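If you use the numbering used here, the sequence shown corresponds to residues 159 to 647, in order. We put the beta carbon where it would ideally sit given N, CA and C, even for glycine. Quick caveat, the model's predicted, so the values are computed rather than measured. Have a look at the structure below, then the notes.
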Amino acid sequence: MTLPGQGTGRTGFVERHGFWTDDQAAAAEALSRRIDSGEVETLRFSFADQHGIARGKALIGAAARSALYSGVSLPSTLLTKDTAHKTVFPAFSVGSGLGLDELTGASDFVMVADPTTFVMLPWADRTGWVLCDAYFTNGRPVPFSGRHALRQVLTSLGSRGVRLITGLEIEFHLFHMEDPKLAPEHATQPATAPDVRLLARGFHYLTEVRLDELEEGVELLREALIEMGLPLRSTECEFGPSQVEFTLAPNEAMASADMMILFRTAAKQICRRHGLHVTFMCQPALPNLFPSGWHLHQSVIDEEGQNLFAPTAEDALLSDYGQHWVAGLVEHAAASSLLTTPTINGYKRYKPNSLAPDRAAWSKDNRGVMLRVIGAGPDDPATRIENRIGDPAANPYFYMASQALAGLDGVLRQATPPPPTDAPYEQVDAPALPRSLMEAIPAFRDSMLFRDALGDLFVDYWVQMKQAEINRFLSTVTDWEQNEYFEVF
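Laid out in structure tokens, this is it:
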């Protein structure tokens, strides 16, 4: 007799609700054999929470095998926490203030593994990792699960015979860890930030010497990421001190979003084990650092694999379909920003003449615009749009869902974009991007596009989550205030 293991979900949960495709079931059987053989001793079950942070449990041996088919239980309060791990919604009120009976009393939800995402972790002995979907115990998908939200949006695209292809271009910072701040007084909520020092001086963009200075961290990441099967294309020395950029090959949007979760999670764990610190925070509060962005390359293909953005006319930047897509991205840029740039810190990047956008404009091969069109002319299958708006800390499922929804809306309405610009920071008639998270909230809250597509529950949940973050920020006395007022008044 097999008894359910502690920490596993509900016996027969996967089969009872028919969650897996044939491919997933076959992958689960193959993974089960690897567990039985001892090749995989520990299996980490992880789901990407509302902030795109991987959370989960590590199960061992027979318990891991059982959890593949029964799921893994987690407390539903994880779904109601902000980035400081503070619970935003009343966990012990009926429905947790969201009208969801499944959340009452901090009850369980269940992670269900997607066995096709399985990878071995090179830095952890006989340990594998599998990405999960989040379901309530009655089998209903968690409505603000990023993977669920993106899947819904991509299904809508698929019903129209098209697929979203995305490529990842991620900037981040690599540091030496000087002091991890592990004394009890540092165990605050959020925890006290570590002390670090630079790995490279910077301000010599793409120079060979600076890239070699960064090699200590870059080589660690390169070896592990390739061993895990991530399609790493390039590693580059970025503009600022200790700043690097990694790019990954284009793929289906869901696969790209999954890769972003694995990439960020792996990078932090690998480097920590070697005395380094990785941060995807946009603008760290350290002298002379340059802000990081996440540029999302995107195109749409049809059922035959033809790129629908590729122009046919010699003088066109994009096809008609591509221009309609651009029109949607421009029109919904302000509302989308709560998904593409969900942190207070991320908006400090939107400055004129900074290689980051400050308004919703588009152009051919211009790094000052929000939407940079890249392509070699008529019928180029690599024609794509690079959206330069993103925060490296964004939830990748929300980010990609925002692009698909906004772009498709432009296509369905046959919308016409504004004229492309060669002077993006002087384009006074272009819609300004929100200057802060505070400005982004009402744009998202009032967007009928996102309410219709993602539902009122999702929109109101995300608005309340971000408003709680703002309220904590506004109640904190900053260094600026201390310097501004403490002596003079």
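Checklist entry - If you drop the 5 nearest sequence neighbours on each side, which residues of the same chain put their C-beta closer than 7 angstroms to that of HIS482? => result These residues qualify, in order along the chain: GLY568, VAL569, GLN572 and ALA573.
Exercise. By the 10 Å Cβ neighbour count, where 16 or more other Cβ atoms means buried, how is MET159 classified, buried or exposed?
Worked result: No answer about MET159 holds up, because its pLDDT of 38 lies below 50 and its placement is not dependable.
query = Just curious, the beta strand (DSSP E) that GLN290 is in, first and last residue?
reply = It should be noted that the sequence gives Cys, not Gln, for residue 290. Per DSSP, the continuous beta strand (DSSP E) segment holding CYS290 begins and ends at 285-294.
Query raised in the report: Using DSSP with H/G/I as helix, E/B as strand and the rest coil, what is LEU487?
Result: helix
- What is the C-beta distance between ASP240 and MET623, in whole angstroms, given that I count them as a contact (C-beta under 8 angstroms)? 6 angstroms
Assign ARG174 to one of two classes, buried (16 or more other C-beta atoms within 10 Å of its C-beta) or exposed (fewer than that). The residue in question, ARG174, is exposed, as its Cβ has fewer than 16 Cβ neighbours within 10 Å.
Practice item. List the residues that DSSP assigns as beta-bridge partners of VAL402. Key: PHE330 and CYS395
### Query
What residue ranges within the segment 332-381 form continuous alpha helix (DSSP H) runs of no fewer than 4 residues, ordered along the chain?
366-371
| With DSSP run on the structure shown, which of helix, strand or coil describes ILE384? | helix
_Applying the 10 Å Cβ sphere with the 16-neighbour rule, what's the burial state of GLU197?_
Label assigned to GLU197: exposed.
Excluding sequence positions up to five away, which residues of its chain have a Cβ less than 8 angstroms from the Cβ of GLY214? ARG202, PHE203, SER204, PHE205, VAL230, LEU232, MET269 and CYS290
* Output yes or no for whether 7 angstroms exceeds the beta carbon distance between VAL367 and THR393. => no
Put THR241 into one of helix, strand or coil per three-state DSSP.
Coil, per DSSP.
Exercise. So what does DSSP say about GLU597, is it helix, strand or coil?
Worked result: GLU597: helix per DSSP, three-state reduction.
- Roughly how many whole angstroms lie between the Cα atoms of GLU597 and LEU434? 35 angstroms
Are the CB atoms of THR169 and SER228 within a distance shorter than 7 angstroms? yes
| said: Taking only three categories from DSSP, how would you classify ARG603? | reply: If DSSP states are grouped into helix, strand and coil, ARG603 belongs with the helices.
Give the straight-line distance between the Cα atoms of HIS453 and TYR643, rounded to the nearest whole angstrom. 38 angstroms
* Assign ILE419 to one of three DSSP states: helix, strand, or coil. => helix
task = Have a look at PHE276 and SER457 and give me their C-alpha separation to the nearest angstrom.
result = 27 angstroms
For ASN446 and GLY613, the rounded distance between their alpha carbons = 42 angstroms
Using a 10 Å radius around the Cβ and a threshold of 16 neighbouring Cβ atoms, would you call THR365 buried or exposed? Looking at its Cβ environment, which holds fewer than 16 other Cβ atoms inside 10 Å, THR365 is exposed.
- request: Under 8 angstroms by Cβ, that's how I've got LYS509 and ASP516 pegged, so tell me the actual separation to the nearest angstrom.
  value: 6 angstroms
Notebook entry, point to check: By how many angstroms is the C-alpha of LEU420 removed from the C-alpha of THR470?
Noted result: 38 angstroms
> Which same chain residues, not among the five before or five after GLN640, have their C-beta less than 7 angstroms away from its C-beta?
Replying inline: none
- Message: Going by beta-carbon coordinates alone, are GLY451 and ALA514 separated by less than 7 angstroms?
- Response: yes
| task | Please name the residue, chosen from ASP604, ALA382 and VAL402, that lies closest to LEU369 on a Cα-to-Cα basis. | result | VAL402
**Item:** Limits of the unbroken beta strand (DSSP E) element including GLY565
**Value:** Per DSSP, GLY565 belongs to no beta strand (DSSP E); it is in the alpha helix (DSSP H), 554-570.
Residue from SER317, PHE330, SER400 and TRP287 whose Cα sits closest to the Cα of GLY387:
TRP287
To the nearest angstrom, how far is it from the Cα of ASP618 to the Cα of LEU379? Roughly 38 angstroms separates the two Cα atoms.
query: What does GLN456 pair with, by DSSP beta-bridge criteria?
result: Looking at the DSSP output, GLN456 shares a beta bridge with THR324 and ILE543.
Practice item. Tell me ARG168's beta-bridge partners as DSSP assigns them. Key: Note: ARG168 sits in no beta bridge, so no partner.
According to DSSP, is VAL298 part of a helix, a strand, or is it coil? Strictly speaking, residue 298 in this sequence is Arg, with Val absent from that position. Looking at ARG298 - three-state DSSP - the assignment turns out to be coil, as it is neither helix nor strand.
**Boundaries (first-last residue) of the beta strand (DSSP E) holding LEU615** = Segment 614-632 is the alpha helix (DSSP H) holding LEU615; no beta strand (DSSP E) there.
ask   = GLY398: buried (16+ other C-beta within 10 angstroms of its C-beta) or exposed?
value = With 16 or more Cβ atoms within 10 Å of its Cβ, GLY398 is classed as buried.
Legend entry - Alpha-carbon spacing of THR405 relative to SER254, whole angstroms: 40 angstroms
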